[in-house]
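Going down the list, the sequences are from chains A and L. Just so we're aligned, residue 3 is where the first sequence starts under this note's numbering, counting upward by one. Just so we're aligned, residue 9 is where the second sequence starts under this note's numbering, counting upward by one.
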Amino acid sequence: MSEERIGASFRDPSGFLFSRDGTLYRQVNLQYRRDYDHLMDSGLYDELLDRGLLIPHEEVAIDPLDTNQAYKVIQPERINFISYPYEWSFSQLRDAAFATLNILGLAIKHRMVLKDASAYNVQFYHGRPLLIDTLSFEHLREGEPWDAYRQFCQHFLAPLCLMSYKDIRLSQLLRVFIDGVPLDLASRLLPGKTYLQPSILTHIHIHAKMQKRSAAVEIDQIGMRRRTMSHNARLGLIDSLKRGIQRLQWKSTETPWGDYYSTFSYSDRSIKHKEELVIEFLEECNPSTVWDFGANVGRFSRLASGKNITTVAFDVDAGAVEQNYLKTIEDDDKHLMPLVIDLTNPSSSLGWASKERLSLVERGPADAVFALALVHHLAIGNNLPLIDIAEFFSKIGAWLLVEYVPKQDPQVQRMLTSRRDIFTDYTQEGFEKAFKRFFIILSAQTIEDSARRIYVMKRLEGG
Amino acid sequence: MGYCIISYATFETIRAMVAELSPRGMAYLDPGSGSYLLQLLIAGFLGGLFVIRASWDKIKAFFRKLFDKQANEGLDDE
């Protein structure tokens, strides 16, 4: 029997996640008993499930991992692919923020409150954000402010403001600051005009200054006089945060690749042929998971998700990912997960002991990998040797659908206009030779009305 | 000089309030004394605003219903 405690689950003494023989469980500790029973008995759990805002679970009769502390063991439904806020587009983070505030509102209705507001507690399940930490609720303490207010501002409001008012790439600050963007930093980076927005003025600028001042004084708890937070004040706080976030906007066509298919590329005939080749590949290898690298707005990813295949569509361009996500919402696509990933620097493992957040590779493998119109960007745009690219893909998936874009292609020519062509190995022969080290080439076809080629490959046994 | 006096006075006021209003320390997360204090400072304003907005929505809904009813009655008359 193999079992281990999950690395990210250590902060909250109410319980923890563990895996046993490949199944994920959550132990509920005795000290959380009263809160857990109220969550289940008050109607809050059922209402959250009805609205798709909490991961469903079942209570299971198995041995807990830590018997001294255990009250119950629950088995939550499994999320197909765990993603992190620094991989989300603007609207994904925004929707996760709204989900958190809606959950808080419902909890208050049932005399409970969210004791934390971490963006890492939100995951996308069937295409929509929901809370995965069932133990995030506790009884409402009358008159007291919301303990997780600062965390909500750091994890959601501050990065959203920075993405909206300053630069979309500032979402990457979440990779550096594991507990969200520090409010004093956000306040310094935001433009002066944000002082005119009441929500940002209050929840970021004044909030940052209050922290600075308060950090400098000693807190005397003796003889403190209590002020209280009324029920309406609590609802007013949620309303104020919601309105502030609603006002934040970002136009996804401002990025270089956000407008890719309408400004460049394949003829109608060649793109149709390419789609046919993708469909043939899916029918041949019948994967249960596909990772589409360089997916842009997800045109080819949708061919997989349309067949109910769990598909993750990665792209470096936040604009393309934003458009992809908005389309998944419009189509109610439950199988497609668009994410912002720079393949030349994919998410590494982060947090305490480098175990809290998994690296991209640790979240694999996938059954099949798409690398369409991508390899030339890695090989020529980033000087990556073809053999290294082939090896990386062989670690991600057993099947590979990869496109070779020759040097005479206008796109590659454009990449070479301002630099010396040092890529002597970048030929069809060089490409095939490099990939044959790790894969068997099952088929290769030239895309009609184009010089580009699509290869179907299968990883070598023991490769 | 004037700014310094005002600034010091503000600092002292906040310091006194923090001393009085610091959290009970029941949360497993540190809520942050500044965050805690800020919520209490804006609580009255946000609560009031929320009540006004909710009432305003009710007033709007009432008149919308009233006009819809009149319009429907008008249609019935025709």
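Positions of the beta carbon are idealized from the N, C-alpha and C atoms, including for glycine.
{"Asked": "Measure the C-alpha to C-alpha separation of Gln78/L and Gln325/A and round it to an integer number of angstroms.", "Found": "44 angstroms"}
{"Asked": "Helix, strand or coil, according to DSSP, for Trp8/L in the structure here?", "Found": "Nothing in the structure corresponds to residue 8/L, since chain L is present only between 9 and 86."}
{"Asked": "Between the Cα of Arg455/A and the Cα atoms of Arg416/A, Arg461/A and Ala375/A, which residue gives the shortest distance?", "Found": "Ala375/A"}
{"Asked": "Within the 8 angstroms Cβ cut-off, does Leu376/A reach chain L?", "Found": "no"}
{"Asked": "Could you please give the first and the last residue of the uninterrupted beta strand (DSSP E) stretch that includes Asp294/A?", "Found": "Thr291 to Phe295"}
{"Asked": "Which residues does DSSP pair with Gln447/A in a beta bridge?", "Found": "Ile456/A"}
{"Asked": "Using Cβ-Cβ distances below 9 angstroms, what residues of the region 52-67 of chain L are close to chain A?", "Found": "Gly52, Phe53, Leu54, Gly55, Gly56, Leu57, Phe58, Val59, Arg61 and Ala62"}
{"Asked": "Under a Cβ-count criterion, where at least 16 other Cβ atoms within 10 Å of its own Cβ denotes burial, should Phe20/A be classed as buried or exposed?", "Found": "buried"}
{"Asked": "Cα separation between Leu41/A and Glu79/A?", "Found": "18 angstroms"}
{"Asked": "Could you tell me whether the Cβ atoms of Lys74/A and Glu61/A are closer together than 8 angstroms?", "Found": "yes"}
{"Asked": "How far does the beta strand (DSSP E) with Ile208/A in it extend, from its first residue to its last?", "Found": "Note, Ile208/A: premise wrong, no beta strand (DSSP E); not H, not E."}
{"Asked": "Using only CA atoms, which one of Glu434/A, Val363/A, Asn310/A and Thr25/A lies nearest to Ile343/A?", "Found": "Val363/A"}
{"Asked": "Do you know offhand how far Pro147/A's Cα is from Met231/A's?", "Found": "6 angstroms"}
{"Asked": "Could you check whether the Cβ of His59/A sits closer than 8 angstroms to any Cβ belonging to chain L?", "Found": "no"}
{"Asked": "Show which residues of chain A have a CB atom less than 7 angstroms away from the CB atom of Ala35/L.", "Found": "Lys117 and Asp149"}
{"Asked": "Mind checking whether Trp293/A and Val318/A have CB atoms under 8 angstroms apart?", "Found": "no"}
{"Asked": "Please decide whether Thr204/A counts as near chain L, where near means a Cβ-Cβ distance under 8 angstroms.", "Found": "yes"}
{"Asked": "Among the residues of its own chain, which have a CB less than 7 angstroms from the CB of Leu103/A, if the five just before and after it don't count?", "Found": "Ile240, Leu243 and Lys244"}
{"Asked": "Is there a C-beta anywhere in chain L that falls below 8 angstroms from the one on His209/A?", "Found": "yes"}
{"Asked": "Closer than 7 angstroms, Cβ to Cβ, to anything on chain A: give me those residues from the region 37-51 of chain L, in chain order.", "Found": "Leu37, Pro39, Gly40, Ser41, Gly42, Ser43, Tyr44, Leu45, Leu46, Gln47, Leu48, Ile50 and Ala51"}
{"Asked": "Report all residues from its chain with a CB closer than 8 angstroms to the CB of Glu5/A; omit the five preceding and five following residues, and keep chain order.", "Found": "Phe20, Ser21, Arg22, Asp23 and Leu67"}
{"Asked": "What residues in the region 293-308 of chain A bring their beta carbon closer than 7 angstroms to a beta carbon of chain L?", "Found": "none"}
{"Asked": "Mapping DSSP to helix, strand and coil, what is Glu463/A?", "Found": "coil"}
{"Asked": "Can you look up Trp401/A in the DSSP assignment and give me helix, strand or coil?", "Found": "strand"}
{"Asked": "Please report the straight-line C-alpha distance between Arg365/A and Ser350/A, rounded to a whole angstrom.", "Found": "11 angstroms"}
{"Asked": "Which residues in the same chain as Met9/L place their Cβ atom closer than 8 angstroms to its Cβ, once the five residues preceding and following it in sequence are excluded?", "Found": "With a pLDDT of only 43 at Met9/L, under the threshold of 50, the placement of this residue in the model should not be trusted; the figure read from the coordinates follows. There are no such residues."}
{"Asked": "Buried or exposed for Arg421/A, going by 16 or more other Cβ atoms inside 10 Å?", "Found": "exposed"}
{"Asked": "Count the other CB atoms within 10 Å of the CB of Ala69/L; is the residue buried (16 or more) or exposed (fewer)?", "Found": "exposed"}
{"Asked": "Would you list the residues sitting across from His59/A in a DSSP beta bridge?", "Found": "Pro78/A"}
{"Asked": "Residues of chain L with CB closer than 9 angstroms to the CB of Arg13/A, please, in chain order.", "Found": "Tyr36 and Leu37"}
{"Asked": "Relative to the alpha-carbon of Gln447/A, which residue among Met212/A, His275/A and Phe179/A has its alpha-carbon at the smallest distance?", "Found": "His275/A"}
{"Asked": "Is Asp241/A close to chain L? Criterion is C-beta to C-beta, closer than 8 angstroms.", "Found": "yes"}
{"Asked": "Counting only Cβ pairs nearer than 9 angstroms, list the residues of chain L close to Ser232/A.", "Found": "Ala51, Gly52 and Gly55"}
{"Asked": "What runs of the alpha helix (DSSP H), each 4 residues or longer, lie entirely inside the region 7-61 of chain A?", "Found": "35-43 and 46-52"}
{"Asked": "In the DSSP output, which residue or residues are listed as bridge partners for Phe316/A?", "Found": "Phe295/A and Leu341/A"}
{"Asked": "From Gln156/A to Pro184/A, what does the alpha carbon distance come to, in whole angstroms?", "Found": "6 angstroms"}
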